[in-house]
Every structure is written in structure tokens, then in C-alpha cells.
Amino acid sequence: MIAGAVAAASPVTSPEARTRPSRRYLRPPGGLPEQDFLSRCINCGQCGEICPNRTIKYFGPENGWDSLDTPYIIPREKACILCMKCGDICPTGAIQPVKREARAILDGVKMGQARVNESLCLSFQGKSCGVCYRACPLPDIAITVGFMEQPHITDKCVGCGLCERSCIQMPQAIRIIPNDR
Amino acid sequence: MHMPSHRPFVLRRHLNKARWFTLSLVFALLVALPFVHLYQTYAAAHAYDLLSPSERQIYDVMEALTGPFTDDPAADLDAIKGNTWSATFWSLKVSDPLAPLGQMAAGLSVPSLSFNWPFVITALIPVILTIVFGRFFCGWICPATLIYELNSNLAAWLRWAGINVGNRHLDRRIKYAVLGAGLIGSMVTGSVLVAGIYPPAIIGREIYYAVALGGFGAGAVFFLATLLFDLLVARRGFCRTICPGGALYALLGRYRLLRIQRTVEDCNDCAKCNAVCEFGLDPLRDGFGQECNNCTACMAICPTDALTFNLRLADLAAQGPGHLGKRYRRQHEPIIDEAA
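Residue numbers (the numbering used here), protein chains in the order written: chain Z, 20 to 200; chain A, 13 to 352.
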């Protein structure tokens, strides 16, 4: 009965749905690649319960039944502060434990990659801003600024989303592109 | 039942109260932990002045409750997290045995993942306890049991008021099929689906959603459906016949060491034990089997204290009518008279 209901509702989980911009979400820092993450996560909710910022939220059936009750982050609403508590408490290894130091985070975390939309970014429009650079927990490593504080993202960006959260433009001129989905 | 006032104190008659206390304690903890987390996030934000009045109320109450134990709630109150599906006590992680089993099934569809030993070990303590005490989790810890038993009481009141409620008999073996189907479903989708149809996994996170994230999720709808199923179709029908985790616990507890058994010499055949058994077992005819969860409700109601705990790997074979009962006396008293 239940398996039938799941099968009937599962067209929502098509690969196209995953890459639709409206469904753009991040997994918590240290999260495994999507397929591995789904098979490891037991939906216990401890990552959200330890998150000091209540950044981690949980899917209902809207993202497909296979990701029901799995954790996600929408950086525009609340961004990850890279405290790394969720990886420590995760009992299953779906979120890998990563030490809270710059080197370990650079090696072990890849939630996504920031991308600047230059036609929206104030600094590229002649109004020096630099908010994203100041919000970044890894300044000059993940993000550098040039003339008029124009941001440039390096490939070291871990995708925490604090730049997107702090961007004063609406819609945001800097956004996180989720990793490998 | 008339009770002589000089009746000695028998501890096992009172275990059922201890069980209700344990169930209530676990449930209270599941309600308290999300509030602890809210308080932690408020404290970590250092912005008491920006909290709404209701948030301030939560902050004040939690500060009063935890103040004597901690100066730094954001760090210290991380000690206990989680729920009855998987929990962390300081650094000890404990999980329901169904969690690693479901994860193993889900992992079969992802060839890159190896066997997850660190997680399997978190289920070790529950597995050992279940091998010794049987399905005790279902009767003593499961947060759903508290609500299901209250639901059973509601059904009894409705029946007393003359309203018909469901009392259909369903095959207990259905739950083993549900366990298998849940594991196969997890394998096919590569995601731990059993967590979505298992009340002790649902309740903890749904309370967390409601308290901390602003509303119930899909699991609450499922749980409500199981409550209606129990009320309208079969008494305790979900636990008896559908629950996949109950099925796993029953299998693990099949050869449990601690068993309830009937002392035939003390039994008077009153059958109160059968009436009170939430799992629909047959203590009166020594029928416990792997389904018994050692809840001790039968011990508490037995007027002659004929039900006792015993350390055995198997139930006693049916012992016939109780020696204090009319049937046994009718059969045996003439012989006793002759001997006298």
C-alpha cells in the first residue's frame, strides 16, 4: 500500500527536477555526493538539531519521496557559518566530520561554488560595494576583490553561501551553484 | 476483586507504572529537546532584544530551567541530541537497529559505498538489550506507544459509550512482509524509505519540525493515519500487524532470555491478562511467543500474581487450566477428596 503510494508519486524525482533553479539547494557542509547522501542519510534530524543558526531545514515530499526528511540549506534564507557541528553529530557519515580549521574546511567541504552575475553586481555597475567579500569566512582565499571592490571567486570557494545571504541586491548578484547535481 | 489488606508487596505488580513513567519521560524529552535547541539558537545569536514575545517566553523558561547547570547553553546543551531513531548522549551514539539495516538496503544501489561499520556499531546496545529482553523497546521506550495506548483507551471509552470501533483481526505476519517491502523499497530507490513509515523515527523529528521549523511535515499525516487505523480497523493494529521496526525487534527477541510466564498453580483462569494485553497475546494459555514486549500489563492486572518473570530461552508449553480455576477443580477435586 505504502510502496504503491511512493511509486505513484515518484515522477517528482526525475533528474531534471533536481537541476531546476527553483529547486537549488545545498546539502550540509561535508555532505556526500547526492546519490551517496540519500542512501546514507537516515533522516534522524540531528544535524538540524545541533545547527546553532537553524540553517538546516528538511524536505517534505516536494523534492521527491527519496529526499523526504533529508536536510538542505537555502543560502538566501540562512547561510552556513561553517561551524562543522553537523558533521560531528551525523551518526551515518552522510555528512562527513570535518575539523573547524581553514585547511580542513578547504579540503573537506564543497557544498557549491559562488558565481557573480556582473550585470546585477553593484561593484560592476560603478558603485563600490564589497559586502560579499566582507561576509566571506575565507576572504582572499575563496574570494578576491579588484577595482571598485569587484568580487572574483576562486575555485577554493566551499559554497557556504554567506556572500549570497549578505548580498544587498535583490535578486542576489552572487549566488551559490550547488555542487555535482 | 477483593484484596486482603495484609497482602505482601510484589514489585512486579508495579512495573507497569514504571513503564508508563518511562514512556512519559521519553516523550517529554522528545518535546523538551527542540525547545532546548531553540534556546541555544537564541542564546548563540546574542539578540534577546530582537526576539518576539513568544520567543522571549521560551528563552526565559529555558534559561530558568537550565541556568543552574550551564553558563554557556550554546555549547553545553549539545550533550543530548536526537530522538528514538538515532540519538547522541555526550559522545555515545545509539541508533534503532532498523536504521543501519535500512541503510544497508539503500546502500546496495550505490556501488561506491562500502559497508558502514561505524554506524552499524551504534545499534549494538539496542540489539543486545533486545536479545535479552525481547521487544521491550515497543512497550517501554517507543514514543508512539504512549499515544497508541491512549488511543486504545479512547477506543475503550467509545465502545463503552456504545460507539462501534474497529476490532478486526489481522494476520501478525503482515509486518514481516512490510519490513521486507520497506527494505526492498529502500534498495530500489537508494534512500532509507523505512524511516518514513516507522513511528518512533517519525515522532521525534515531527515534534522538532513543529517546535523549531514552524510546522508538522509529511510524517505527521502518516502517523495520524496509523492512529485512525488503530481506532477504526484493529485495536493496536499498527504495532501488532504493520510496524516494520516491531517486526525486526520481534525477530531479534525471538530467543529472548527474560520471559513472562504463567505459574499454573496460582492461576484462576480469570482471563484478565488476555483482555488487557495490548498486543492481543494469550497469556492465559501460555501463548507469548516473539511478539511479547514484556510490558508487564498482564502482571499488573493478575489478581493472584500468577504471572512471573523467568529466565528461559523458550516459552512453557501450554499448561492447561489454572489450578485455582473452576475447571481444574471440577476435574481434580473428587480425586483429592478420595485421597483424604
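By construction, the Cβ of each residue, glycine as well, lies at the ideal position given by its N, Cα and C atoms. Predicted model, so just to flag it, every value in this text is computed and none were measured.
Item                                                                                                                     : Value
Chain A contact residues for K76(Z), given Cβ-Cβ distances below 8 Å                                                     : L225
L45(Z) - partner residues in DSSP beta bridges                                                                           : I92(Z)
Of the listed residues I143(A), P315(A), S124(A) and E290(A), nearest to R59(Z) (C-alpha basis)                          : S124(A)
Residues that S98(A) contacts on chain Z, provided the C-beta gap is smaller than 7 Å                                    : I61, C63, Q65 and P110
L182(A) vs A246(A) beta-carbon contact at 8 Å                                                                            : yes
For I215(A), the nearest candidate out of L239(A), T201(A) and G197(A) (CA to CA)                                        : L239(A)
Bounding residues of the alpha helix (DSSP H) (the contiguous stretch that carries Q69(A))                               : P65 to T78
Straight-line Cα distance separating G174(A) from L10(A)                                                                 : Residue 10(A) lies beyond the stretch modelled for chain A, which goes from 13 to 352, so this question has no answer here.
Meets three-Cβ-pair contact criterion under 8 Å: the region 60-76 of chain A and the region 246-262 of chain A           : no
C-beta neighbour in chain A for L101(Z), strict 8 Å                                                                      : no
Contact set between D183(A) and chain Z, taken where Cβ atoms lie within less than 8 Å                                   : The premise fails here: D183(A) is roughly 15 Å from chain Z at the closest Cβ pair, so nothing lies under 8 Å.
Contacts that T82(A) makes with chain Z (C-beta to C-beta distance below 7 Å)                                            : Those do not exist, as T82(A) stays about 15 Å from chain Z at its closest Cβ, beyond 7 Å.
With 16 other Cβ atoms within 10 Å as the buried cut-off, status of A318(A)                                              : buried
Backbone CA spacing between D126(Z) and N128(A) [nearest angstrom]                                                       : 22 Å
Minimum Cβ-Cβ distance from P130(A) to chain Z less than 8 Å                                                             : yes
Cβ-based burial, D85(Z) [other Cβ within 10 Å; buried from 16]                                                           : buried
Distance between A192(Z) and S185(Z) (C-alpha atoms, nearest Å)                                                          : 10 Å
Start and end residues, beta strand (DSSP E) containing I162(Z)                                                          : I162 to V164
Chain A contact for E53(Z) (CB, 8 Å cutoff)                                                                              : no
Beta carbon proximity, F68(A) to chain Z, threshold 8 Å                                                                  : With the sequence shown as reference, residue 68(A) is identified as Arg, and Phe is not the correct amino acid for it. Taking Cβ atoms only, chain Z never reaches closer than 8 Å to R68(A), which makes this a no.
Residues of its chain near R341(A), where Cβ-Cβ distance is below 7 Å and the 5 sequence neighbours each way are ignored : none
Check whether I93(Z) and Y44(Z) have beta carbons under 8 Å apart                                                        : yes
T320(A) - DSSP class collapsed to helix/strand/coil                                                                      : strand
Exposure label - V204(A); buried when at least 16 CB within 10 Å                                                         : buried
Y77(Z) in three-state terms, based on DSSP                                                                               : strand
Helix, strand or coil at K93(A) according to DSSP, with G and I counted as helix                                         : strand
Interfacial residues, the region 161-172 of chain A to chain Z, with Cβ spacing under 7 Å                                : none
Neighbour flag for N438(A) against chain Z, beta carbons, 8 Å                                                            : No answer is possible for residue 438(A): it lies beyond the span of chain A, which begins at 13 and ends at 352.
Assigned secondary structure, F144(Z) (DSSP; H/G/I helix, E/B strand, else coil)                                         : A quick correction: the sequence has Gln, not Phe, at residue 144(Z). Helix at Q144(Z).
At least 3 beta-carbon pairs within less than 8 Å: the region 150-161 of chain A vs the region 303-310 of chain A        : yes
Sub-8 Å separation of L157(Z) and Q188(Z) beta-carbons                                                                   : no
Complete runs of the alpha helix (DSSP H) confined to the region 266-340 of chain A [at least 4 residues]                : 284-288 and 309-313
For F300(A) and G265(A), the rounded distance between their alpha carbons                                                : 12 Å
Test: Q52(A) CB closer than 8 Å to a CB of chain C                                                                       : No chain C is part of this structure, whose protein chains are labelled Z and A.
Supposed contact pair P256(A) and Y210(A) - C-beta distance, whole angstroms, cut 8 Å                                    : 6 Å
Partner residues on chain A for I69(Z), Cβ-Cβ distance less than 7 Å                                                     : D90 and K93
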